[in-house]
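> I have a structure I would like to understand better, so I am pasting it below and will then ask my questions one at a time.
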Amino acid sequence: MPPSSAAASPDALLTPELLLLVDAIARHGSFAKAAREMGKVPSAVTYSIRNLEDRLDVLLFDRSGHRAVLTPAGQALLDDGRLLLRSLEDLTRRVRRIATGWEPELRIAVNGVLPWPPLYDLIEEFQELGSATKLRFTSEVLSGTWDALTGGRADLLIGGDAALAPPGRFAARPLGEVHLVFCVAPHHPLARVEHALTPADIGAHCAVVVADTSRALPPLTRGLLDTQQRVVMPTMQAKIDAQIRGVGCGYIPRLLAAPYLGQGLLMEKPTRDGGIHERLSCAWRAPARGEALKWWLKKLESPRLQGSLVDTPATGSGGRNETGNSRPGRSG
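Each residue of the sequence shown is one higher than the one before, starting from 1 at the first, in UniProt numbering.
Below, the structure is given as structure tokens:
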């Protein structure tokens, strides 16, 4: 005997099985075909839907024609029910993965001097695992890279400047070296200077910079003169766009500048001090416990991937624990 409507709570009327049954009937337009799909006899399907309609006090299907057609109320139940079923499936996968060591979320801080396309490839490959681990990325600049790790905002740092490593023990692995070149737009006054640019040449013009994203560690500048006028942009791409327009000048990672140099939108200018070189590392709080973190660390060992992220890939990239003291960034 089915429970009486008086004894049933409205919150208990809907179950995943009933939602799947409504979905099957809507797709087939037939109670009998839905019954075969669900492994039930047609009478049991008919009884379940009628009982649900009675308890909800709504008509879910119009049975007047040759096909069972959803009513507006039935369509609303189906639409929201499908969302609920997907949520339940996602929750089931997430719980199972967490039980086997997969993190609910992996937070990754990426140095703003690195190109993103190689990381997009990794993201797509990671999604194919079906791990249900949510990836959360931030783009960090200068001290902000290490600040994200030490401040607990990131579980993995890709591209921390090895020279800026703060006090504390972290597992770290060299990633390689990035070269930054001094760039101006072809119509910028410095484009016409024929000799290697001096500090006096550069200091006479506005610099375009990206703001240090650190919240706790002391913010730094790089490749700037103390008296130089500057425009501070929120991202590396915004800085590049501003320099293309001739707003100012400044250092840009060679890999990021290359497409614009090739198109003639930017010019690389030699400087008397030479370019800027950064030794970058991947770092994380040891030991690496989560399966998602372990997966990313394994992928970041690839020389091919390193070669797509930096100018000079690291050699012998075995992980190690490092304790470093912060050192001043290049400025002036």
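Cβ coordinates follow ideal geometry from the N, Cα and C atoms, glycine included.
(1) Quick test of your reading: G262 and C206, contact by CB under 8 Å. State the CB separation rounded to the nearest angstrom.
(2) Relative to the alpha-carbon of A162, which residue among T145, D273, A154 and L129 has its alpha-carbon at the smallest distance?
(3) Report buried or exposed for H187, applying the criterion of at least 16 other Cβ atoms within 10 angstroms of its Cβ.
(4) CB-CB under 8 Å to P101, same chain, minus the five flanking residues each way: which ones, in chain order?
(5) With a Cβ-Cβ cutoff of 9 Å, do V69 and D80 count as a contact?
(6) So R107 and R136 are in contact, right, with Cβ under 8 Å, and what is the actual spacing, rounded?
(7) How many angstroms separate the CA atom of T133 from the CA atom of I252?
(8) Quick check on S43: buried or exposed, where buried means 16 or more other Cβ atoms within 10 Å of its Cβ?
(9) From the DSSP output, in three-state form, read off G274 for me.
(10) Is the separation between the beta-carbon of C183 and that of E278 shorter than 9 Å?
(11) Is it right to say G332 is buried, meaning 16 or more other beta carbons lie within 10 angstroms of its own, or is it exposed?
(12) Let me know the secondary structure DSSP gives S30 once reduced to three states.
(13) Using beta-carbon positions only, say whether V178 and L114 come within less than 9 Å of one another.
(14) Tell me, please, whether the stretch 195-210 touches the stretch 294-314 by the rule of three or more beta-carbon pairs shorter than 8 Å.
(15) To the nearest angstrom, how far is it from the Cα of A283 to the Cα of E140?
(16) With the cut-off set at 9 Å, would you say R94 and P104 are in Cβ contact?
(17) Using only the alpha-carbon positions, how far apart do L300 and L119 sit?
(18) Please name the residue in L129, R27, A172 and T92 whose C-alpha comes closest to that of A314.
(19) At what residues does the beta strand (DSSP E) containing A109 begin and finish?
(20) Jot down the residue ranges of each uninterrupted beta strand (DSSP E) in the stretch 126-186, minimum 3 residues, whole runs only, in chain order.
(21) What are the boundary residues of the beta strand (DSSP E) that V210 is part of?
(22) Cα separation between A286 and Q127?
(23) Put L197 into one of helix, strand or coil per three-state DSSP.
(24) From T235, D23, V232 and A154, pick the residue whose C-alpha is nearest to that of L85; which is it?
(25) Between L21 and S48, how many whole angstroms is the CB-CB distance? I'm expecting something under 8 Å.
(26) Using the Cβ count rule (16 or more neighbours within 10 Å means buried), how would you classify G229?
Taking the definition as stated:
(1) In the sequence shown, residue 262 corresponds to position 262, counting from 1. In the sequence shown, residue 206 corresponds to position 206, counting from 1. Their Cβ separation, rounded to whole angstroms, is 25 Å, which puts G262 and C206 out of contact at 8 Å.
(2) Here the question's residue 162 lines up with position 162 in the sequence shown. A162 has its Cα closest to that of T145, out of T145, D273, A154 and L129.
(3) The sequence position of residue 187 within the sequence shown is 187, counting from 1. By the 10 Å Cβ count, H187 comes out exposed.
(4) As a first step, residue 101 must be located in the sequence shown, where it is residue number 101. Reading the sequence as shown, one finds Gly at residue 101 and not Pro. Closer than 8 Å at Cβ, skipping near neighbours: R289, G290 and E291.
(5) Locating residue 69 in the sequence shown gives position 69, counting from the first residue. Locating residue 80 in the sequence shown gives position 80, counting from the first residue. No, Cβ-Cβ distance for V69 and D80 is not below 9 Å.
(6) On the sequence shown, residue 107 is found 107 positions in, with the first residue counted as 1. On the sequence shown, residue 136 is found 136 positions in, with the first residue counted as 1. Indeed, because the Cβ distance is near 5 Å, the residues count as touching under 8 Å.
(7) Sequence index remark: in the sequence shown, residue 133 carries index 133 (1-based). Sequence index remark: in the sequence shown, residue 252 carries index 252 (1-based). So the two alpha carbons sit approximately 33 Å from each other.
(8) For the purposes of this step, residue 43 is taken as residue 43 along the sequence shown, with counting starting at 1. Answer is exposed; the Cβ neighbour count stays below 16.
(9) Here residue 274 refers to the residue found at position 274 when the sequence shown is read from its first residue. Three-state DSSP puts G274 in coil, outside helix and strand.
(10) The residue you call residue 183 lines up with position 183 of the sequence shown. The residue you call residue 278 lines up with position 278 of the sequence shown. For C183 and E278, no; Cβs fall outside 9 Å.
(11) Walking along the sequence shown from the start, residue 332 turns up at place 332. Caution is warranted here: a pLDDT of 29 is assigned to G332, below 50, making its placement in the model unreliable, and the coordinate value is therefore given only provisionally. It is exposed - the Cβ of G332 has fewer than 16 other Cβ atoms within 10 Å.
(12) As a first step, residue 30 is located in the sequence shown; it is residue number 30 there, counting from the start. Coil, per DSSP.
(13) Taking the sequence shown and counting its residues from 1, the one referred to as residue 178 is at position 178. Taking the sequence shown and counting its residues from 1, the one referred to as residue 114 is at position 114. Closer than 9 Å, so yes.
(14) no
(15) As a first step, residue 283 is located in the sequence shown; it is residue number 283 there, counting from the start. As a first step, residue 140 is located in the sequence shown; it is residue number 140 there, counting from the start. For A283 and E140, the distance between alpha carbons rounds to 14 Å.
(16) Within the sequence shown, residue 94 is the residue found at index 94, counting from 1. Within the sequence shown, residue 104 is the residue found at index 104, counting from 1. Yes, the Cβ-Cβ distance between R94 and P104 is below 9 Å.
(17) The residue given as residue 300 occupies position 300 in the sequence shown. The residue given as residue 119 occupies position 119 in the sequence shown. Cα to Cα, the separation comes out at about 10 Å.
(18) The residue labelled residue 314 in the question sits at position 314 within the sequence shown. Here the closest residue by C-alpha is A172.
(19) Sequence index remark: in the sequence shown, residue 109 carries index 109 (1-based). Its beta strand (DSSP E) spans residues E105 to N111.
(20) 134-140, 156-161 and 169-184
(21) Here residue 210 corresponds to residue number 210 of the sequence shown, with the count starting at 1. V210 -> beta strand (DSSP E) spans A207 to V210.
(22) Numbered from 1 along the sequence shown, position 286 holds the residue referred to as residue 286. Numbered from 1 along the sequence shown, position 127 holds the residue referred to as residue 127. Going by the C-alpha atoms only, they are around 25 Å apart.
(23) For this step, residue 197 is matched to residue 197 along the sequence shown. The answer is strand: DSSP assigns L197 an E or B state.
(24) On the sequence shown, position 85 is the one that residue 85 refers to. Per the Cα distances, D23.
(25) Working through the sequence shown from its first residue, we reach residue 21 at position 21. Working through the sequence shown from its first residue, we reach residue 48 at position 48. 6 Å between Cβ atoms; contact.
(26) Looking up residue 229 in the sequence shown gives position 229. For the record, residue 229 in the displayed sequence is Gln; it is not Gly. Exposed, because fewer than 16 other Cβ atoms sit within 10 Å of the Cβ of Q229.
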